[in-house]
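The block underneath contains the structure these notes are about, expressed in structure tokens.
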């Protein structure tokens, strides 16, 4: 590449243009996140810990649009600033990730700015022809470490890359002040998804002057080897030896030729030298031939092994597919068997069945008597009267036993059945992706529909997915069972225990059922180790459960217009109304539903149905064949109240020479109407894997729906599947059909529909380009696309903005612990920290000024005098901008998820005006017994204390203001904290009375724990002054609110005990 081209590629104009045009279409954002995760996985643990524990500042140089920077900040909890010389990239990054710091700078122009502790850069240096000179330029902006992620052994370079990095050109000491202390090569070719088809290498350089302070061992360095097979290493060594010999030979011949050109002195020696050269040449040729033979043999052996491996892989994939189809068939038959048994048992339990029992007995009596007479005659002939009596006595208990065993369950699947109280566990390593809970409207083994497809694709995307079946196990005690659905994926079905096993379709859950399910979910959380989750709710019955799980997002996946079913109880419709208004994300599957949704919720995303293209794009080895060789007009899917039987009957009459083939369960009695037509064949329901067998036999595919409110809201899955097979499709004119354009023939009347079917039959065989267009459309409308959209919609939701007001008065060490915990454990919210210092004299102002200056999300107010508890906090409340305000003492340490959980309680309980956590040290009901001795043990014990009360809170009279969260609406209604109490005491009691006077409730979250040192500032006043202040302020309080009720402790009962 010329210098001119290189300068152009490394210019602001070039990259501004890239970021504004094709960066996203070329998956630039996905690549940034991908490379950030590769770097995080390759980073040595000692460096991760040092950056976090020493609170080192980190620069992400060349951050592009900030996607990788956000991953570093989120996954490593680092204090990261993204820097890039492209203004458009930084503007996009700042808009997309407001909680992360970004700066528009060009470090190569040597700006006058203080250095960072760590400079990180991903896939940047390869763009420069002299990368290590660039290293020297940016090294001045790192005081401790430089971390580089580079393409490794990229022998076929990208057009924008100037250098190929390998072990020969990566220096141990690229600059006199820097030395390589760690490297790790990573092969990214086989990751799913992969955005780099080769290797990457992570390099960690440290300043030599500080290297001794780190006390690194050889194990910490862990220099990466080439990692090549032994045969390849030997072959390369042989090749190098031959090349050295050849070089020596050429040198000798050159020398010989030079000496010969001097006039031929010492001819005898020259002849001898020539003979030796010829002999060496012959030996070299022999060795080269032998080496070539060895290399050729190794290549043939390698090729044979690769072919064998490919064959074994194909055989394994074929066997796995066949096994999966068999398993699906078994599950399907088991489910259908159980469903039929349930239907029979339901029928037997009805009043009409019991009332008509005498009629059935009378009608069956003659036949029963004839059969019994034959039995008696046979018994008498083979044993006389005694045999008759004995057989009669045996018949009675056997008949009674048979009547008592009416239920039959399918073969048991392997399950896990936890019992008893939750067992506290140490926190597990945080998973990169949240678990996904699918609270389904159907069982997994019912016909495959949207719920199963979404669940499977979320699992393929790397999430652990738990699919909660709509069937419960009848049990008095809470619990659950687990069924692994795919051995290759983290995909499980969960069956919860609920007394009387209610059906979710016919009534809202009772309070007792909700409590039992929540108790079962707490056991489940203890088993699964879930810390982060997304809850996808697909039926209103689940909503009271899902809102108590502290998920990062509760999404309502609105698949149907449920009122259109006509048999949905009013109390379930009321819950659906609540879901539509309060869900974090409201997903509509059609434009018709979108119109309704946008009137109810500001956060709506349209995520339509799709098709599993790979299941339908290839013709199966076998397909249905009509024995009469007729053209086939086909449909598969449910045949229910929305199925237009009249239309299908008219089609059968209009095309008597064609076979109308209907595949699906008939729950509307359509078969009774159509059986009189000899060209109609109804197959019944078949497993999902069997659908291509019939689909590829269809010449024309039908979507014969009635136009009713239910179908107006429908986005039919089968259309995507029909098109995935390239078939010709005729459908009714519904709103969702518009998206298919001319790929589907549409009709708005029975006559028009029949005309379109006739036109489709006349067009057969379809032109290859028409088939290709249909399949191309379906290939871009897969469930993987929908899951990607689902994840993007969740990640795009605005995070709750929380302002934590931290009032400080001396106690600098406690303040440091408090602030560090806020930064480390406040995930899931956009946190603003407002620090108000009340004229501390222990060095706090200087530390806080330095600390706050490096953080955009921090505001600092330094008072010249002590404004007291109320005055200082009121300053902070006035300066705060968050939707939720937290009054937080500086002698506290928060725990993971504290802010998100408190916000969720307030959001899900609109009548709750203020809420606090439980703690180790306070004078009221919020206090719980603890045993930890240090802050590290505190985090472990806090998780064990709170997880068993997930989603729970209780009402109390006063929240202590060591930690209290209130919505901005409460603050605006009740105003600032009363400053009538001077330095402190009784402000929290006073404020809580005002909250109650506003008609709001006061709560304490059982699932949030905050460590409290207790009265760290007041203790400096001395016991006598504290007592006097307390009594004086009590009189002030009672003058306003009447007699003060002393706070009380409570005895917290552990769940399961």
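Residue numbers (the working numbering): 92 to 1148.
Heads up, the beta-carbon is just placed ideally off N, CA and C, and yes, glycines get one too.
- For residue 1135, there is no enclosing beta strand (DSSP E), as DSSP gives it neither H nor E.
- Where residue 182 is concerned, the enclosing alpha helix (DSSP H) starts and stops at 178 to 187.
- Distance from the CA atom of residue 239 to the CA atom of residue 933, rounded to whole angstroms, is 40 Å.
- Taking 8 Å as the upper bound for CB-CB distance, residue 1053 and residue 1103 are in contact here, some 5 Å apart.
- Cβ-Cβ distances below 6 Å link residue 222 to 216, 254 in the same chain, with the five nearest sequence neighbours on each side left out; the list follows chain order.
- Straight through space, the alpha carbons of residue 1008 and residue 1036 are spaced by roughly 12 Å.
- Between residue 683 and residue 807, the CB-CB gap reaches or exceeds 7 Å.
- Residue 599 sits in coil when the DSSP states are folded into three classes, being neither helix nor strand.
- Taking all protein chains in view, the Cβ of residue 560 is crowded by 16 or more other Cβ atoms within 10 Å, so the residue is classified as buried.
- The beta carbon of residue 850 sits closer than 8 Å to those of 836, all from its chain and outside the five residues before and after it, given in chain order.
- One Cα belongs to residue 635, the other to residue 456, and the distance between them is close to 52 Å.
- Within 10 angstroms of the beta-carbon of residue 928 lie 16 or more other beta-carbons, which makes it buried.
- Looking at the backbone, the Cα of residue 1019 and that of residue 907 are separated by about 25 Å.
- With contacts defined as CB atoms closer than 7 Å, residue 150 and residue 207 qualify as a contacting pair.
- Note on geometry: alpha-carbon atoms of residue 772 and residue 448 lie some 36 Å from one another.
- At least 7 Å separates the beta-carbon of residue 602 from that of residue 569.
- Shown here for residue 1083: same chain residues with a beta carbon closer than 8 Å to its own, the five before and five after excluded, namely 1005, 1048, 1049, 1050, 1093 in chain order.
- Residue 273: member of the beta strand (DSSP E) spanning 269 to 278, first to last residue.
- Here residue 954 has 927, 928, 929, 930, 963, 966 as same chain residues with Cβ atoms under 8 Å from its own Cβ, once five neighbours each way along the sequence are excluded.
- For residue 927, there is no enclosing alpha helix (DSSP H); the residue is found in the beta strand (DSSP E) stretching over 921 to 928.
- Shortest Cα-Cα distance from residue 865 to any of 188, 841, 915, 813 involves 813.
- The alpha-carbon of residue 308 is positioned some 38 Å away from that of residue 982.
- Taking a cut-off of 8 Å for Cβ pairs, the segment 760 to 770 and the segment 612 to 620 do not touch, as fewer than three such pairs fall below it.
- Ranked by Cα distance from residue 251, the first of 109, 227, 383, 381 is 109.
- In the three-state scheme derived from DSSP, where H, G and I count as helix and E and B as strand, residue 296 is classed as strand.
- With contacts defined as CB atoms closer than 7 Å, residue 702 and residue 811 qualify as a contacting pair.
- Counting C-beta pairs closer than 8 Å gives fewer than three between the segment 1126 to 1142 and the segment 933 to 946, which falls short of the contact rule.
- Comparing alpha-carbon positions, the option among 1060, 585, 465 lying closest to residue 1002 turns out to be 1060.
- By a beta-carbon distance limit of 8 Å, residue 564 contacts residue 588. Their separation comes to about 5 Å.
- Assignment of beta-bridge partners to residue 1096 by DSSP yields 1008, 1044.
- Here residue 713 has 784 as same chain residues with Cβ atoms under 7 Å from its own Cβ, once five neighbours each way along the sequence are excluded.
- DSSP lists 528, 583 as the bridge partner or partners of residue 557.
- Taking 8 Å as the upper bound for CB-CB distance, residue 984 and residue 1056 are not in contact here, some 16 Å apart.
- Annotation for residue 905: the continuous alpha helix (DSSP H) segment containing it runs 903 to 916.
- The three-state secondary structure of residue 952, taken from DSSP, is strand.
- A distance below 6 Å between beta-carbons, with the five flanking residues on each side excluded, links residue 586 to the following residues of its chain, in chain order: 560, 564, 572.
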